[in-house]
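Undergrad:
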Amino acid sequence: MAKSFLGFICIVCNIWAWQVTPDPAFSLLNQAYAALRVKHYEEAIGAFRQAAALDPGRASIRKDLAYTLLKTGESEAARDQFAEAMRLDPADDQVALEYAFLCYETKKQVEARRVFDRLRRSGNPTAIEAFENVDRPLREGIARWKQALQLDPENFSAHEELAKLAEQRDELELAAEHYLAAWKLRPARRDLLLDLGRLWQQQNRPEDAHAALLAASRGGEPRVAEQARELLPSRYPYVYEFENALKLDPSNDALRRELAYLHLEMGNRAAAEQQLHALPQAAAPARFDSVPRSPSEPPDNKMLGEQSLEKGYMNDALKYLHAANENDPSDYEVMLKLGWAYNILKDDREAVRWFERASHSPDEAIASEASKAYRNLSPSLRRLRTTVWAFPTISTRWRDTFFYSQAKTELRLAFPVHPYVSLRFIGDVRGAVRMGANISPQNLSESSVIAGIGLAGPAWHGLMGWFEAGEALRYQIPRGETGRAVPDYRGGITYAAVKRLPRRLFAETNDDGVFISRFDKDSLLYSQNRTGRSLGENLQLYWNWNATVDAKGEYWANTVETGPGVRFRLNPLQFTVNFLRGAYLVNQSNPYRPNFNDVRIGVWYAFTH
Amino acid sequence: MRSHTSLLLLAVFCPCGAATLTFHVAGTDPGGWPAILSSIGLQNAARGEIEVIPSGIQPEETDWAQRVESGTILVLEGASPLATSFGFRAGTKRISVRSVEDVRAPELRIVWEQALDVPVFEVPKDARVFARERWDKTPLVAGYKRGSGAILWLAAPPGPHGYDRFPYLPQALAELGLEAPFRSSRLWAFFDSAYRSRVDLDYFAPRWRQAGISALHVAAWHYWEPDPQSDEYLRRLIEACHRNAIQVYAWIELPHVSDRFWEQHPEWREKTALLQDAQLDWRKLMNLTNRAAFTEVSRGLRDLIGRFDWDGVNLAELYFESLEGHENPARFTPMNSDVRSEYRSASGIDPLDLFNPKSERYYARSAAPMAQFLEFRADLARRQQAEWIGQIEEIRRSHPWLDLALTHVDDRFDTSMREKIGADTSKTLPMLNQHDFTFLIEDPATIWHLGPQRYPQIAARYQSMTQHLEKLAIDINIVERYQDVYPTKQQTGSELFALLHLASGGFHRVTLYFENSILPADLPLLPAASAAVPRAERSSGKLMVNARENVGVVWSGPALVDGRPWPAGSDRVVLLPSGQHAIEAAALKPVLRLLDLNAELDSASAIAGGMEFSYSSNARALAVFESPPASFQIDGVKAYPPMIGNLAMLPRGQHVVTATK
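Protein sequence lines, in the order shown, are assigned to chains A and B.
Add 2 to the 1-based position in the first sequence for my numbering, that's all there is to it.
If you count the second sequence from 1, position 140 lands on 124 in my numbering, and the numbers rise without skipping.
1) Compile a chain-ordered list of the residues in the stretch 64 to 85 of chain B whose CB is closer than 9 Å to at least one CB of chain A.
2) Might you give, ordered along the chain, the residues of its own chain that have their beta carbon closer than 6 Å to the beta carbon of G464 of chain A, omitting 5 neighbours on each side?
3) So is R271 of chain A in contact with chain B if we call contact Cβ pairs under 8 Å?
4) For the beta strand (DSSP E) containing R492 of chain A, name the first residue and the last one.
5) Does the stretch 144 to 153 of chain B come into contact with the stretch 170 to 178 of chain B, if we say contact requires no fewer than three beta-carbon pairs (one atom in each stretch) closer than 8 Å?
6) Can you name the residues of chain B whose CB is closer than 9 Å to the CB of E260 of chain A?
7) Output needed in chain order: residues of the stretch 306 to 317 of chain B with a Cβ under 8 Å from some Cβ in chain A.
8) Kindly give me the distance between the Cβ atoms of P43 of chain B and I37 of chain B, rounded to whole angstroms, as I take these residues to be in contact under 8 Å.
9) Closest to R200 of chain A by C-alpha separation, out of A:D522, A:L153, A:A178, would be which residue?
10) Which of helix, strand or coil does DSSP assign to M305 of chain A?
11) In whole angstroms, what separates the C-alpha of Q83 of chain A from that of E106 of chain B?
12) Which residues bound the beta strand (DSSP E) around L323 of chain B?
13) Under three-state DSSP, which class holds N534 of chain B?
14) Taking 7 Å as the cut-off, is the C-beta of L575 of chain A nearer than that to any heavy atom in the ligand GDP?
15) Please identify the residue among B:L153, B:W137, B:N534, B:A370 whose C-alpha is closest to the C-alpha of V272 of chain B.
16) Comparing the C-beta of D111 of chain B with each C-beta of chain A, is any distance below 8 Å?
17) Which residues of the stretch 463 to 484 of chain B have a Cβ closer than 8 Å to any Cβ of chain A? Give them in chain order.
18) As a quick exercise: from B:Q564, B:D546, B:F481, B:R149, pick the residue whose alpha carbon is nearest that of I462 of chain B.
19) Buried or exposed: which applies to Q590 of chain A, given that a residue is buried once 16 or more other Cβ atoms fall within 10 Å of its Cβ?
20) Cutting at 6 Å between CB atoms, please list the residues of its own chain near M437 of chain A, excluding the five before and the five after it.
21) Can you find at least 3 beta carbon pairs, one from the stretch 446 to 464 of chain B and one from the stretch 406 to 426 of chain B, that sit closer than 8 Å?
22) Quick check on M528 of chain B: does DSSP put it in helix, strand or coil?
23) Chain B beta carbons: is any one of them nearer than 8 Å to that of A608 of chain A?
24) Return the CA-CA distance between R465 of chain B and L264 of chain B, expressed in angstroms with no decimal places.
25) Would you check if the distance between the CB atom of F393 of chain A and the CB atom of Y406 of chain A is smaller than 8 Å?
26) Using a Cβ-Cβ cut-off of 8 Å, state whether E267 of chain A counts as contacting chain B.
27) From L285 of chain B to P625 of chain B, what distance separates their C-alpha atoms?
28) Does T12 of chain B come out as helix, strand or coil in the three-state DSSP assignment?
29) Does any CB atom of chain A fall closer than 8 Å to the CB of L171 of chain B?
30) For S219 of chain A, would you say it is in contact with chain B, using Cβ-to-Cβ distances shorter than 8 Å as the test?
31) Cβ of W1 of chain A within 8 Å of Cβ of Q576 of chain A?
32) Using a 10 Å radius around the Cβ and a threshold of 16 neighbouring Cβ atoms, would you call V241 of chain A buried or exposed?
33) Is R349 of chain B helix, strand or coil by DSSP?
34) Would you say V451 of chain A and L425 of chain A are within 8 Å of each other, going by their C-beta atoms?
35) Looking only at its chain, what residues have a beta carbon closer than 7 Å to the beta carbon of L38 of chain A, apart from the 5 residues adjacent to it on each side?
36) Kindly indicate which three-state DSSP category P210 of chain B falls into: helix, strand or coil?
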């Protein structure tokens, strides 16, 4: 009876104890040991792992997991579990020994030697023997290779072997000395710089380590560069770090070239040129005002192509973009860039081909831009090309809306001069320009529809000549004149150029020298110039510098204007708003004040078929 | 009854079981895909069970969703409307890729030789990502199963060789349902117990066999001196291997004998040209020119072979050091006093003079004296090889089942080997006319960076030098290479499979160095890659197979081979001899089946109450039956071969076996 009662009390106590401190891993461990008994190792490992996750502070689970992993040959995983068990229970020498043996087996000899060394100092006989087994060959090897170097000091493999053995024996200074010596004998072996950088990091020589790793990360083989990258900070290196690396590795052309790029980007042109001049001829870039390459995004043909395109080095752009296309024929963005590059180089047949390919891009933005460029450009390759443009403008000075437009159909022949037929409209809504004076500022409104035939020359460096003969049909006849239809002959030269500068700055000019028979056979020169900065793809802020002069010295044809402006695009329209302050250069017969202010708001629309 | 009929019909109309046999790459430029897919035994066809749509190709066929549902594995490269339709959409952001992480082996460094700019893709939620960019984890290879088929998508083409960017594409395809059609179980592998000292050998042995390994060549120098604990380990290893139809060879690395031998006999240590003891890398070289040393080593070898139940001996790398040749005197051997004395007697020159910058005969000053010494050295290596082959042949008198392999570095493809290490095939290969051994050609480290195509070239050079083609074998070193190689430092995945496949096509036997270095992800596909099947096709319910060597064909259920009931194979695999064969479904299973055979199967037939087969083998043949036969006849004579469970150990040579239940 007493026994039964005692048993009952025990059961109650056990249940109570279990309820107070339940073992979260109990059932998983049961499962693991059951699997282990029947040699179902994968199942046991899975259960041990889950148990360890539930009870991460229990060293015994880690040990059992490690021993099971050993059965399946997973030595590295077992080593890591023993490492964790050793961390949880530092007093367990057996675990530390297991860890050290596995470190040795998995090529972490340095760590193995350190652990054996620690344990042997506490008198552990296994550790004493193991340490000796590890240390003795290292000792002897070091002595042997030192002797070999005495006999043959320039022996590369002796330096390399000695460095490796010294590193395994924790003789960091000796190891660093011989890695350096080996690398100096074979400077192309930048993997040795990687070893050196790693060692210098351990020796708490951060700047030296950084220099070695930076040098290893540039100009060597990609695998070494990637390993060096892991050991370097993620930020881009500073100039002085490049300089330190070059002091160590002066023959590293890639490193020097990148420093030059960095100087250029920082505006230090002289320093950049100094670095570039230090490069051997073959390693120097044809152009050097490019952006520096970040270590996280290694240079590639596509990037170089885009940069060349942006900077206007079109032949380089083509070379790099074609290489990028060969590298990845499915990169539609490269196709698009190739289209633009050919377009800028006036090879529109090639441009159209690339735009057409890029228009199949699954990326809507690329496809849309390419399709639009294709639509715009492909008509230029047709025999008959019709261009229509319109430019309505509101002027606060004249309190009127002016409307300029032209429809022109051009016959594109192999012959460099193209005939065309043209219909122009030049007029205004209110006839305001005639108010208050009997003299018409004819440059603003001719109040006519002008039909004509003409010849246009080929464009050459932005310069083009043209001549047109026709009839102007006036819908308003100026006072003192008669005849609705008057002959109209006009011709001239046009020059247009855009210069793109760093930091999205730009300068552009549109210059027209025009002879117009109707203006008393006058010749005018319009020059409209803008300098400014692009803000994004569709917005530009700029300053106007406009001038008009003529041959006959008419007041309305001799003005200068200046002032800010903004241009923005809402496809397919382009809007301009200009705030101009102007002055007449000729005031004889001028009915207006010599200076004027004008706000001009215009909308440009054009298409070609 | 109805269900039986259905099963039979299923078997008739689905030859080759669930295995994937064919592939097709759309367009005119298949890139690296044929190399990837043929390396695991798949056959190029006009319409494939795997269909690859390379980047930029617009396939004519439109109903891909239906084909995938019906079992096609569709492989898509990059951005395309088809990829978009399966949920792989390119975004506007792009990323420069040079380092790749494969989720199977995140620690494996995969580095591309050329960085590539690719769009960042959105992949379907249920897709499994197989590989991604190492630093920002952008998916690069992903896939998912749909119906009976699957989609595999890659952000970029695999590269011209097939393994340039994504080494584990075959594994990804396998995860998506691909089963390779053929399996070979003829690989040899070197084995070093130092890396496997605490594994469960009974766990490993079946895994090795499943990976296609037929023999382990075990580093025998660890067992040179008797030691109860390590001897017990080796006995257990050999027993476990034999139970699983794997042969075990003693791999000898003379002139390295053993660590203890080096310690015990400092007087016989080899010397370098700096007159230092020749401990080079892990090998501690002994002077085997010395007759006392030779006698002692010979005695040790007999003891080693006698203490264990070996199936063969591999006499490996018996020449000199090093790959740096005479230009590195710190590693140049032999320079022991016996060799120097012999050379001095023959030529009047102490070879040490050749390394003395003050000597008139210094190699940098005068090339001829060094050339003469290197000639002598190559001849010395050949004499030593012949001497040790003679030793093994003597041991064979008491152990007639023993096979012999001579591992010899290639000096035909890399012709510098003769000068560097004294290896001269032109002198060694003719020994095949007098001695029975396998000439195992080791791929020299100097050409490890060259592609898989080197193996057919190596094979061609040796095939013109000997009539004994069946005795030529090749050794592939699966190790981290010292050269700049991409994408992985050690061969794995597609590159390894291509190496194996091409090597198996050129050589009778392929050996891997070594068992421990083969990455776990590669093991399941090794048998497929090492199968040498130049041609296979399905026709009229039959599977026609033209095999260069013995091969296992993945097959469900009983089979007729060339119209006859076939007793060699299991429920999943049909074992075929080399040559052209037709397999078709059979209604009945033979009463006794040969499930596995570690030998060359020459023929097989089902007979009343059992089966008959013929085989040939350089070592003991290991035959696994479905159930233990009640009786055996070998070459018409009643026999009682040693049995381990269902496994019979059959005699070396060419024999006919009749087994009845």
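Even glycine gets a Cβ: it sits at the ideal position worked out from N, Cα and C.
Remember, it's a predicted structure, so these values are computed and weren't measured experimentally.
TA: Taking the structure as given:
1) S64, P65, A67, T68, R73, A74, G75, T76, R78, I79, S80, R82, S83
2) For this step, residue 464 of chain A is matched to residue 462 along the first sequence. Cβ neighbours of G464 of chain A beyond the five flanking positions: Y497, A498, A499.
3) On the first sequence, position 269 is the one that residue 271 of chain A refers to. No, because no Cβ of chain B sits closer than 8 Å to the Cβ of R271 of chain A.
4) As a working mapping, residue 492 of chain A is identified with position 490 in the first sequence. For R492 of chain A, the uninterrupted beta strand (DSSP E) run begins and ends at 487 to 502, by DSSP.
5) no
6) Your numbering for residue 260 of chain A matches position 258 in the first sequence. Per Cβ cutoff of 9 Å: no residues; E260 of chain A is ~15 Å from chain B at best.
7) E308, N312, P313, A314, R315
8) The sequence position of residue 43 of chain B within the second sequence is 59, counting from 1. The sequence position of residue 37 of chain B within the second sequence is 53, counting from 1. Rounded, the Cβ-Cβ distance is 5 Å, consistent with contact.
9) The residue labelled residue 200 of chain A in the question sits at position 198 within the first sequence. It is A:A178.
10) Here residue 305 of chain A refers to the residue found at position 303 when the first sequence is read from its first residue. If DSSP states are grouped into helix, strand and coil, M305 of chain A belongs with the helices.
11) Locating residue 83 of chain A in the first sequence gives position 81, where the first residue counts as 1. Locating residue 106 of chain B in the second sequence gives position 122, where the first residue counts as 1. Roughly 36 Å separates the two Cα atoms.
12) As a first step, residue 323 of chain B is located in the second sequence; it is residue number 339 there, counting from the start. It is worth fixing the name first, because residue 323 of chain B is Val in this sequence and not Leu. First-last for V323 of chain B: 321 to 331, but that is the alpha helix (DSSP H), not the beta strand (DSSP E).
13) What you label residue 534 of chain B is simply residue 550 of the second sequence in a count that begins at 1. Here N534 of chain B sits in coil by DSSP.
14) The ligand GDP is not part of this structure, which contains no ligands at all.
15) As a working mapping, residue 272 of chain B is identified with position 288 in the second sequence. Strictly speaking, residue 272 of chain B in this sequence is Leu, with Val absent from that position. The shortest Cα separation from L272 of chain B among B:L153, B:W137, B:N534, B:A370 belongs to B:A370.
16) The residue labelled residue 111 of chain B in the question sits at position 127 within the second sequence. Correcting the residue identity first, residue 111 of chain B is Ala in this sequence and not Asp. Closer than 8 Å: no.
17) D468, Y470, K473
18) Position 478 of the second sequence, counting from 1, holds the residue named residue 462 of chain B. For the residues B:Q564, B:D546, B:F481, B:R149, the minimum Cα distance to I462 of chain B belongs to B:F481.
19) Sequence index remark: in the first sequence, residue 590 of chain A carries index 588 (1-based). Answer is exposed; the Cβ neighbour count stays below 16.
20) On the first sequence, residue 437 of chain A is found 435 positions in, with the first residue counted as 1. Caution is warranted here: a pLDDT of 37 is assigned to M437 of chain A, below 50, making its placement in the model unreliable, and no coordinate value can be reported.
21) Contact holds: three or more Cβ-Cβ distances are below 8 Å.
22) The residue you call residue 528 of chain B lines up with position 544 of the second sequence. Correct three-state label for M528 of chain B: strand.
23) Here residue 608 of chain A corresponds to residue number 606 of the first sequence, with the count starting at 1. For A608 of chain A, the answer is no, since every Cβ of chain B falls outside 8 Å of its Cβ.
24) Here residue 465 of chain B refers to the residue found at position 481 of the second sequence. Here residue 264 of chain B refers to the residue found at position 280 of the second sequence. The straight-line gap from Cα to Cα measures roughly 18 Å.
25) Translated into the one-based positions of the first sequence, residue 393 of chain A becomes position 391. Translated into the one-based positions of the first sequence, residue 406 of chain A becomes position 404. Yes, Cβ-Cβ distance for F393 of chain A and Y406 of chain A is below 8 Å.
26) Translated into positions along the first sequence, residue 267 of chain A becomes position 265. No, its Cβ sits nowhere closer than 8 Å to a Cβ of chain B.
27) Taking the first residue of the second sequence as position 1, residue 285 of chain B is located at position 301. Taking the first residue of the second sequence as position 1, residue 625 of chain B is located at position 641. The straight-line gap from Cα to Cα measures roughly 27 Å.
28) Position 28 of the second sequence holds residue 12 of chain B. If DSSP states are grouped into helix, strand and coil, T12 of chain B belongs with coil.
29) Within the second sequence, the letter at position 187 stands for residue 171 of chain B. L171 of chain B does not count as touching chain A.
30) Here residue 219 of chain A refers to the residue found at position 217 when the first sequence is read from its first residue. With 8 Å as the cut-off, S219 of chain A does not count as an interface residue toward chain B.
31) Since the first residue of chain A shown is 3 and the last is 611, residue 1 of chain A is not available in this structure.
32) In the first sequence, residue 241 of chain A corresponds to position 239, counting from 1. Label assigned to V241 of chain A: exposed.
33) For this step, residue 349 of chain B is matched to residue 365 along the second sequence. The answer is coil: DSSP assigns R349 of chain B none of H, G, I, E or B.
34) For the purposes of this step, residue 451 of chain A is taken as residue 449 along the first sequence, with counting starting at 1. For the purposes of this step, residue 425 of chain A is taken as residue 423 along the first sequence, with counting starting at 1. Contact: yes.
35) As a position in the first sequence, residue 38 of chain A is number 36, starting the count at 1. Closer than 7 Å at the Cβ level, and outside the excluded window around L38 of chain A, lie A46, T70.
36) As a first step, residue 210 of chain B must be located in the second sequence, where it is residue number 226. Of the three classes helix, strand and coil, the one that applies to P210 of chain B here is coil, per DSSP.
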